[in-house]
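All you need for the numbering used here is the position in the sequence shown, starting with 1, plus 1130.
Where is the CB? At the ideal position from N, CA and C, for every residue including glycine.
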Amino acid sequence: MLLRTGLLYLLLLSSLAIRAQDFPYSLDARQDIALLAAGGGLSLTTHLLEDRMPGLTKGEVSMHRRHRVWFLDRRATYHESEVYRNISDDVLRGAMLLPGTLLISRAARKKGFVLATLLAETMLLTDGFTKASKILVRRSRPLTYNSAVGLESKMSNDARQSFVSGHTSNTAALSFFTAKVFHDLYPESPWRHVVWAGAAAIPLVTGYARYRAGKHFPSDIAAGYALGAVLGILIPQGHKDPLRAGWGTAVTENGVGIRYRW
């Protein structure tokens, strides 16, 4: 599914490259230095703190009871699968290629530094907020409730990093970032809805795989999805050229009208 979606992105961008709008984003030194510093600082700090976070003790593991898990999340405690874990890793790795498809646009290639800056801000902030939530919440993963899983896996510090789903948040950020930039580069494209649908579907696949792997509860996945999607959209939106965003006129074969561009 991911391969087909990636190929679709490539084909769409290839066919529309000659009709792309001028690059719609610009940088602001003060704003972007602040965002990069905040994202980089948060990401680095949380990774250092993550290494120092203790794992669960035998006593803590023995206190885990399925009936204490929220009923909408409880089913996840019955799952554990190495196959689905590998699938989630593969989908995330594949999603990392999606922003690269935007470089098929001549306008995007000419402004590659701007695009790279936006992507760096998006991913650093996504990683930082994801890791911060894991460190602060320290929620045990579903597999720690599963009697079929060995004690060693349950006692690692990774076993208490369930909230939020990092695979899902990062995949959502990459997917929605790509869709948002495509939307702004090709505002008149009839394929925008297809691209948005693909962007929405890819992190769902990742989230389902993490659920079946026993790594995350549905609530972890939903929170990670929301985090990545919001940052993937808001970072490009915050860099829109003010002369291109907002109300304006549109001339079509049916006459002159008013439109709002975001």
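In the DSSP annotation of this structure, Q1291 is not part of any alpha helix (DSSP H), being labelled neither H nor E.
According to DSSP, Y1155 shares a beta bridge with K1370. Under the three-state reduction of DSSP output, D1162 falls in the helix class.
Looking at the backbone, the Cα of L1361 and that of P1333 are separated by about 14 Å. Taking a cut-off of 8 Å for Cβ pairs, the stretch 1333-1348 and the stretch 1204-1223 touch, as three or more such pairs fall below it. Taking a C-beta distance under 8 Å as the contact criterion, G1242 and L1249 do not qualify as a contact pair. Distance from E1251 to D1158 at the Cβ level is roughly 12 Å; contact not present, criterion being Cβ atoms closer than 8 Å. Residue burial is scored here from C-beta neighbours: L1304 has at least 16 other C-beta atoms within 10 angstroms and is therefore classed as buried.
Look at F1259 here: in three-state DSSP terms it is helix. For N1216, the enclosing alpha helix (DSSP H) begins and ends at E1212 to A1225. Bounds of the alpha helix (DSSP H) holding V1325 are R1322 to R1342.
Relative to T1187, the option among T1260, L1315 and L1281 whose CA is nearest is L1281. Shown here, A1309 sits in a helix according to DSSP, grouped into three states.
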